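Residue numbers (the numbering used here): 19 to 205.
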Amino acid sequence: AHGEISLKDIDQVARASFPLCMQHLFNTLKEDHHLKHGGRMQLGLFLKGVGLTLDDALAFWKAEFSQKVGTERFDKEYAYGIRHNYGKEGKRTDYTPYSCQKIILSTPGVGDHHGCPYRHFSEENLRAALSKMGVSSHASDDVINKAKSRHYQLACTLTFEALHGASCDAGINHPNQYFSDSQKILN
Ligand code: SF4
Numbered sequence: 019a020h021g022e023i024s025l026k027d028i029d030q031v032a033r034a035s036f037p038l039c040m041q042h043l044f045n046t047l048k049e050d051h052h053l054k055h056g057g058r059m060q061l062g063l064f065l066k067g068v069g070l071t072l073d074d075a076l077a078f079w080k081a082e083f084s085q086k087v088g089t090e091r092f093d094k095e096y097a098y099g100i101r102h103n104y105g106k107e108g109k110r111t112d113y114t115p116y117s118c119q120k121i122i123l124s125t126p127g128v129g130d131h132h133g134c135p136y137r138h139f140s141e142e143n144l145r146a147a148l149s150k151m152g153v154s155s156h157a158s159d160d161v162i163n164k165a166k167s168r169h170y171q172l173a174c175t176l177t178f179e180a181l182h183g184a185s186c187d188a189g190i191n192h193p194n195q196y197f198s199d200s201q202k203i204l205n
């Protein structure tokens, strides 16, 4: 569904309802004003899935990237990829947001920020990220145990439950499902 998220609310909505993989990309983009290709795809398609319009997506990415590479280079090198994700360039395929399975199986390299933090972060970085998200250290122990036993989506489900004070019986299998389940509880 479109029009569920508007640019003026995006910081607050990200903090409240984005799963950790997307919070990490979002925060890194805000700090570095840049994301490599894998991160732009994973976050960009997720944002499309939560209803960010193409015009808002262009404004959102431009506001960050232009601080690093300037507006001219943004328009020349990066705007195309965003339009492409929305099916407005190239083969005009309407690309769908990535599932957890696809994200978990991705292989981020040095300098990449995409992937699933429950799989791809060190224990130390995962603990710090959970704490920043507002997960208690007791709940974080359970999350980290699930991640260590390679139950990444269960780890994400426990995080969701800790942050929302509500159960998520279906489990988490898609970042956009995490988002919509969160919004259902919060709104
Ligand atoms: Fe993202 Fe899915 Fe990993 Fe959760 S389990 S952090 S939604 S990829």
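Yeah, the Cβ is synthetic: ideal placement off N, Cα and C, and Gly gets one too.
Note that the structure is a prediction, hence the values are computed from the model and not measured.
- With respect to residue 100, residue 123 sits apart: the two C-beta atoms are not nearer than 9 angstroms.
- In the displayed model, residue 105 falls within coil according to three-state DSSP, outside both helix and strand.
- Take residue 104, set aside five residues on each side of it, and the residues of its chain with a beta-carbon closer than 6 angstroms to its own are 72, in chain order.
- Proximity of the region 41 to 58 to the region 125 to 133 meets the contact definition, three or more beta-carbon pairs being nearer than 8 angstroms.
- At least one heavy atom of the ligand SF4 lies closer than 8 angstroms to the C-beta of residue 190.
- Look at residue 72 here: in three-state DSSP terms it is helix.
- Taking the Cβ of residue 40 as the reference point, at least one heavy atom of the ligand SF4 falls within a distance shorter than 8 angstroms.
- Judged by DSSP secondary structure, residue 114 falls outside any alpha helix (DSSP H); it is assigned neither H nor E.
- Residue 151 and residue 89 have their C-alpha atoms spaced approximately 32 angstroms apart.
- Secondary structure of residue 22 (DSSP, three-state): coil.
- For residue 125, there is no enclosing alpha helix (DSSP H), as DSSP gives it neither H nor E.
- For residue 119, the closest of 60, 54, 191 by C-alpha to C-alpha distance is 191.
- Counting only the Cα atoms, residue 127 lies some 22 angstroms from residue 79.
- With respect to the C-alpha of residue 202, the residue from 25, 34, 158 having the closest C-alpha is 34.
- DSSP places residue 93 outside any alpha helix (DSSP H), giving it a letter other than H or E.
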